[in-house]
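Residue numbers (this note's numbering), protein chains in the order written: chain A, 1 to 536; chain B, 1001 to 1293; chain C, 2001 to 2681; chain D, 3001 to 3317. We put the CB at the ideal spot given by N, CA and C, even for glycine. Keep in mind that this is a model prediction, so the values were computed, not measured.
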Amino acid sequence: MVEEFSGVSRRTLLALPGLTFSGAALAQSTAAEAPQRGGILTYAVAAEPPTYDLHQTGTFAVMHRSAPHYSTLLCYEPGNYPNIIGDVAESWTEAPDKLTYTFRLRPNVRFHDGTILTSEDIRASYARMIAPPPGVTSNRQPAFSQIAAIETPDPLTAVFKMKKVDASIMDTFASPWNSIYSAARLQQDANFPARNIMGTGPFRFVEHVAGSHWVGQRFDGYFREGKPYLDGFRAITMSPSAMVNALSGRQILAEFRGFTPNERDRITRALGRDAQTYDSSWMLHLLISYNNEKPPFNDVRVRRAVSLAIDRWGGSTNLARISQLGPVGGMVRPGSEWSATPQEMERWPGYGRDMAANRAEARRLLREAGQENLSFTLMNRNIQPYVTAGVFVIDQWRQIGIRVEHQQVELAAWYANQGSGGFEVMIDSFTQFSDDPTNVLVKYISMDRAEVATARATDRELDRLFDAQAEERDKTRRKQLVREFETRAMEQAHLVPLLWWQRIVVMNARVRGWSMSPTHMIYQDLPDVWLAPERS
Amino acid sequence: MSATTLARPRQPNPVLGFIRAQPLGAAGLLVILIMATAAILAEKIAPYDPEAIDFIAMLTAPSMEHPFGTDAFGRDILTRIIYGARTALTIGFLSSFIGCTAGGLLGIASAYFGGRADMIIQRFVDIVLSFPIVVLALVVVAVLGKAAVLGVDMNLVAAIAIPIVPRSCRVVRAAALSVRAMPYIDAARAGGYSSLHIILRHMAPNVLAPYLILLTAYIAQAILLEASLSFLGLGVSEPKPAWGLMLAGDSSNFYQEAPWMILFPGLAISLAVFAFNLFGDSLRDWLDPKFRA
Amino acid sequence: MTKLLSLDAMTPPKRLAGEEQPLLSVEDLRVEFATSRGVVRAVDGVSWSVRAGETLALVGESGCGKSVSALAVMRLLAKPVGRVTGGRILFQGRDLLALSESEMRARRGREIAMIFQEPMTSLNPVLTIGTQLAEPLQIHLGMSDAQARARSVELLGLVGIADAERRLGQYPHQFSGGMRQRVMIAIGLACNPRLIIADEPTTALDVTIQAQILELMKDLSRRLGITLVIITHNLGVVARYADRVAVMYAGRIAEEGPAERVFATPRHPYTVGLLRSVPRLDRARGGMLETIEGLPPNLLAPPSGCRFAPRCRWRQAACDADPVLRPIGDGQSAACHFAEAMPPPAEPASTEAGAMRHVGQPLLTVKGLKKHFHVPLRGFFGGTATVKAADDVSFTIGRGETLGLVGESGCGKTTVGRVVLQLEKATGGAILFDGEDLATVSARRMKALRTRIQVIFQDPFSSLNPRMTVGGTIAEPLRKRRGFGRAAAQDRVAELLDQVGLLRDMADRYPHQLSGGQRQRVGIARALAMEPDFIVCDEPVSALDVSIQGQIVNLLAGLQARLGIAYLFIAHDLAVVRHLSHRIVVMYLGRVMEVADRDTLYAAPLHPYTKALLDAAPIPDPAVERARAPRALKGELPSPLAPPTGCVFHTRCPIAGPECRAEVPSLREVRPSHMAACIKL
Amino acid sequence: MLRYAARRIALMVPTLLGVALLTFVMLRIVPGDVVEVKLRADGGYVTQEIIQRERARLGLDKPLPVQFLDWMRGLVTLDLGNSMWTGRPVAEEIGTRIGLTIQVALMAAIISVLIAIPLGTISALFRDTWIDYVVRIFTIAGLAVPSFWLGMLTLLLLLTVFHWSPPVTYTPFFESPLQNMSQLIWPALAVGYRYAAVVARMVRSSIIEVMREDYIRTARAKGVFERLVVSRHAMRNALLPAVTVVGLEFAFLIGGLVVTEQVFNLNGIGRLFVEAVSRNDFMLIQALVMLLAVVFVTMNLLVDMLYGVLDPRVRHG
């Protein structure tokens, strides 16, 4: 399979060791085929969009519908994740002190209403995210905390001035969420994008029937010559189980978030040669999060024992057969350039392969802590694969005599309890759209340092290591610091990773030109996607 | 004036009488008894541990070792159905009992006192009746939080019992209204007894028949509701064995390849509810002179 | 077709002299019912027959099989529980039991019609009277809609329903009970049948309405020459109607013969007993009523030999053998070994018992009592109406005295009883019990007084808590109100059971294991347990069979004589009231019409309503009945929702003048201690 | 009639007010609200400040009585407010979906009633024969089988045997009635089974009851054909209580579609309801609860009015 990735950069290969794709159709080298124009891409989205505005949300339900209508400043190169290329920016320069970024815009970028995109639109869009006007919430405000000012010396030039160095700023500029809106429209109504679609993306908006479908049509004035290939797309709302049937029944052509292995098997069985599948690890993992303020979980021995009791390697193999859970990993995505090797992992408590020893150690720790009869309530969500994970860990804990009450709650209650500390132990999850350690490790630092650190722990040593790696420019040294952080965090076990997710995308082989990645948020603007003719 | 006597009427065995008069009901009762026995003796008769994960046996089709097959965690479905009977019957009986008793007492009070009290109780009944059961259940589960008594989710019991209250209140009230009009109640009032005494001693025993019929019918409904709530993720939590739960979650993923995963638990629910309905129906026919042949 | 419509066409075929062929004859009929407790032989070898143009009365107490044998004739026994197991039913010479179902159906309503007891439920509530009346006409006579309508109008006129055209479009609930029974008769007459079977046609009706319906049926059967089989428990009705009588007892015929003969010289001890145990209006009040002791046999396991033997005062060894129904002479037959030796129904002994009258401070004084109900009106037009159930009612009861309160349904007599018992709050007026006004005493005091005021209800089936044993029911007042300990209560219960004539071991039984009369005795024992001074008896015997009724009346009279309890005796049966009461109050539509001493009232009634009531009540003696002129009170009982203005009785009063509409007559003493509310006096 | 209806409608007000208050209070007792679900969906995280701002924007920071009064004021002016999740008017969210739900419910109701009335009648007339036993078992099973399980089985059967899967978008009725019906028939049957069972049982028991009435005996004594006794005398009376059940069960049916809509991928208000609940979209939940309550009380009213039309005792009181 590797030869199909010829020409992929070293960085990409490093980033994507788990990324594979297969499919009978693709066996006849895809690269050789010339894209064909025309056709409507029908695909499924599992949830309804709460808004049309990418700035104000974090859900794929919006991304998978709105993305084809918008452009961003930069973007990830199709087929070459995580390499970044320009989207509406033709080129850009980075000042040596990394405090100034200057973007040169393409001159021919048009909005769907025919107006030309200028640097003012860039400024207005970013200003809206950095300091949202009344009535607008910006989900990514914290990501822009280091941007000091945006200047527009001329209509095709935008200059970003930074307060401080931000190692992850390029990912921010390429973020699919940071869509560019028309300054004129924002001027009239700051909340215009929440209920209207008007961008520079490859498709113009046709209609949205709530609960049913969303339709886009090719935008002929799209700035990339000859694109998009598709005449349009139709995103249909349906439940995951309905998707499987719809894909199998060829009622739709694709779904971009991911399926369970079992669902994949069902679809490929039904579609036969017309199925193509993509596999990758996912920037999404489940964690066991203790409430470090509640006894006995203020005792490191108890936390560690509870983590030790879990057979992650066994769980990985078995759960991967029935759920989206898969790889064993640390705090950064396994397979990313920052991740620990399996050998490194095995040294962490709870990652050793000798489960008998692990369990004996766990029992010993509990005895030491006076918690032989430990029992607690595990708060969990009531959807898959959370429930599967819950059932699995409860069984694991039962094996060393821990009794657990499984409390499954609705999402809102889950968030509320998580935020207020209304839990003893919970199955938590964490996701980011980039692998940068600063973005990822923030989950594990002290509660007063980050909203997202919900284990209610305070560990200044971890905070120190976190700050050190964030400012470290040398990659090897930074990686070392990340390892140190992980090791300390595993030993303190304020909250511990359980398993990472695997992303399995299955679609009809007619769909070509789409790019797989470890996040389901990117490559959804679809300019390069085309449809092969139906096989008779 | 000589004493008048009447030959004591032959008192046939009520159980035998019921079986003869209501063979379908007796069949229902038999199923209920079998299920109850299985639930009580689950530890003794179930072939496996209901919660133990066995990945080697994952998704096994029905076989000698696993007569009803296994689920995605390799747990034996027969075992989980047997233990599930315990959950279903306990929650079904408890919630029906609590709901019918509370509703019944309200209904009797409503009928006995009449007037303003009746008015207020009936408005309350109207309000709760016009509430969708799912919302009611959701909120009750969420508000009460976890409160397990002897291993039974009392919040779930409450969630199921609450919608039963107004429904049984209405039925019992109607029955109690006709009892209220009976001269023996007037005789008791003329005797100067307290309202509580009259309600408990004279009214309650005489609405026992509709109460029993309701109780049986609502055990069936409660089992069904428990299954539905568990199916919607509002009821019993994994890994506890519960029939509705066995149809939810993983099952919706796997049932096309492993139909036994939904077939047997669904049959168990249907059979239990069926048996209670059959029994309740026959009990009504048997107790209600209107339906007596 | 026009011939069919004319009344002339319905003139009876001339009765052939000496016609021997009966129109209908039931021969050795046997009917069984399969119940959960076993097979009940409801009719066990019964034979009777009726000749064309004749009126036969089937008489007997409940459960004797009289209705069942009639239903068997119609082949309308409830399937599949009831079935004919033997005998023949010959109608015009053909065995009805041998007909196919469709042949039988073609005869129902065409040849044989039936009128049922309950006019309130016997008509279909959702079909118009017109539809229900036209049905047999269209089915049997093939009439067109127009023809059926014309005939329906004619029929309604025949049964005395005015404004027939309009009323055909109405529904049964828009008719009063009496009117519905008239409609039922019209339906019965529709196809000009040869035979009408009327099953207790007037039992559910008030006495004045009963008289109207009886007159109507008598008149129609004479005019149209219809053969009538009438089923009743009321000997008065029999006396008024019947040419011949068949007395049934426990699934068999006890005696059969011409009405005059059977009443004059009954030949079966049961008939004798029945006739003796009915209190009669036309005879002086005796002391104790003669009664038939005991209960009818259980038909699940009837005794061998004579079925009446266990209750028979002339029982002898020969009675162990089954007596056959045999002719005695004069057209009379009886099933008794000693039929010829039967004494005549002797004049009851005239020992005046219970004559004591306490004068002085009255125990209960009711002054200007008012009870108004607000009833929501049915239907979509809503609103409420005020019913003056009791309006300005006054009377007094002395210690140990019985006050009879008489009136037809809706007259407010029961309401007065309930207000006296404080089961309802009076709207106005005073109820002084031993000097205390019950309407204003404190709840605590009322509770104390309740031990002194007790109640006996009409319906023995619903006046006892079915979930309590007899002992529990009687012990409850003792334990709860009179401070008896468990053992003391048990002893007292035994005494009370003795006192009301029940066996002590009945304390363990439940009400459903008792007969109606026994239950009524338990109800009396429950009241006695409080050792009250005063008992409200609300129709205590009206739901009981004649033979049992006498037992209870005697019990009440005996208790009063011994214990000096005062009764407020509420009833609609004038004869029973007369038998028990010292003074009598007559009510009509919530108002008192007349108050007088018993003898005065019956001997010389003043108020036209009282007179009408006395006239309307049938007397169980054909000789007396034949001699009475038909004097049925005309008109319907007005709705209590819209009572007439002025004198409430003026709409039906034979002597009313225009002034009666204007003025509400007050109750005044017309003669010494005889009060009446009529301005014409 | 009008006055009666007006009085009944006036009586509905306190009931609905009670439902509104209870819903409002209960929703707010439950921890969590739409804001976190909305802003933190898919694991994104935002600062408390942003969350508070969004709460303020949605009016969730106002005191509860004020929020309730605002809502009430809206209800009175028929303004159901905006969905807290999508920001679209609640009326629009419901409006686009309710047609499908009503259509499935109506189809289920019609099919059920058409099956139930003859079934119940036959069962009653052949009481305690094998026909009755078969019908009773069939109808009791209808009460016993969970509709979601029946849905799953139906779908499984359709998928494996007929290779039919639920269409991804439904054809509106007016576009192609036949296609639309063929799409909706399965969910309608899955939910209709219970409905049919309930109605058939009611019909059976009320016919048994009516057949014992005196007026049936009267009709027979008149020599009315047995067929006519059943169709004219018994059915007319027996169907009165059945009307009640048909009406009330219809109200329940709409609520009962919740799970079936999931199984058959129907974009109806049942699914909307589940989604709204899982997101704590208060405005939408409140509106849907009120809608179901209104349907329920209106159905009650309609049933009573229909009773009035059918039953002369009520009509000419």
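Not flagged as an interface residue toward chain D: A/TYR222, since no C-beta distance is shorter than 9 Å. When Cβ-Cβ separations below 9 Å define contact, A/GLU451 makes contact with chain D. Look at the region 2120 to 2131 of chain C: the residues with a C-beta under 9 Å from a C-beta of chain D are MET2120, THR2121, SER2122, LEU2123, ASN2124, PRO2125, VAL2126, LEU2127, THR2128 and THR2131.
Counting only residues of its own chain and dropping the five nearest sequence neighbours on each side, A/GLN524 has a CB closer than 6 Å to the CB of MET63, HIS64 and ALA67.
Partner residues in the beta bridge of A/GLY86, as assigned by DSSP, are A/LEU74. With a threshold of 9 Å between beta carbons, B/VAL1152 makes no contact with chain D. Inclusion of A/PRO50 and D/GLY3074 in the CB contact set at 9 Å is not warranted, their separation being larger than that value.
Looking at the DSSP output, D/GLN3103 shares a beta bridge with no other residue. With distances taken between CA atoms, C/LEU2369 lies nearest to C/VAL2420 out of C/GLN2117, C/VAL2420, C/ILE2328 and C/CYS2336. The three-state reading of DSSP puts A/ARG503 in strand, counting E and B together.
Under the Cβ distance rule, A/ILE322 counts among the residues neighbouring chain B, one pair being separated by less than 9 Å.
With a threshold of 16 other beta carbon atoms within 10 Å, A/LEU499 meets it and is buried.
Per DSSP, the beta-bridge partners of C/GLY2404 are C/PHE2569 and C/ILE2584.
Against A/ILE504, chain B offers no close residue; the least beta-carbon distance is about 13 Å (beta-carbon pairs closer than 7 Å). Cβ contact annotation for C/SER2515 (same chain, cutoff 6 Å, sequence separation greater than five): LEU2295, in chain order. Under DSSP, D/ASN3082 takes part in a beta bridge, and its partners are D/PRO3089.
Annotation: B/GLY1244 to A/MET379 spans about 20 Å, alpha carbon to alpha carbon. Residue environment analysis places D/VAL3066 among the exposed positions, since fewer than 16 neighbouring C-beta atoms fall within 10 angstroms of its C-beta.
If you draw a straight line from the Cα of A/LYS164 to the Cα of A/TRP338, it is about 23 Å long. Distances from the CA of C/HIS2233 to each of C/ILE2548, C/ALA2612, C/LEU2589 and C/ALA2662 were compared; the closest alpha carbon is that of C/ILE2548. Closest option to D/THR3129, judged by alpha-carbon separation, among B/VAL1207, B/GLN1022, B/TYR1218 and B/ASP1153: B/GLN1022. When CB distances to chain D are screened at a threshold of 7 Å, the residues of the region 2058 to 2085 of chain C falling below it are MET2074 and LEU2076, in chain order.
Residues of chain B with a Cβ closer than 8 Å to the Cβ of D/THR3015 are, in chain order, ARG1123, ASP1126, ILE1127 and SER1130. Residue-level contact check: A/MET238 touches chain D, since one or more beta carbons of chain D fall below 9 Å from its beta carbon. Residue environment for C/GLY2178: buried (at least 16 other C-beta atoms within 10 angstroms of its C-beta). Counting only residues of its own chain and dropping the five nearest sequence neighbours on each side, C/PHE2116 has a CB closer than 6 Å to the CB of SER2122 and ASP2199. 9 Å or more divides the Cβ of C/GLN2422 from the Cβ of B/PRO1183. Runs of the alpha helix (DSSP H) spanning 4 or more residues and lying entirely within the region 2599 to 2675 of chain C occur at 2608 to 2616, 2622 to 2627 and 2659 to 2662, in chain order.
For a Cβ distance threshold of 8 Å, residue set ARG2105 and ILE2139 of chain C lies close to D/PHE3225, ordered along the chain. Around the beta carbon of C/GLY2410, 16 or more other beta carbons lie within 10 angstroms, which makes this residue buried.
Taking 9 Å as the cut-off, the Cβ atoms of D/VAL3289 and B/PRO1132 count as close.
Our two residues, C/LYS2634 and C/SER2277, have alpha carbons roughly 31 Å apart in a direct line. Judged by DSSP in its simplified three-state form, D/VAL3245 adopts helix.
Residue environment: C/GLN2021 is assigned as exposed (fewer than 16 neighbouring CB atoms within 10 Å of its CB, all protein chains considered).
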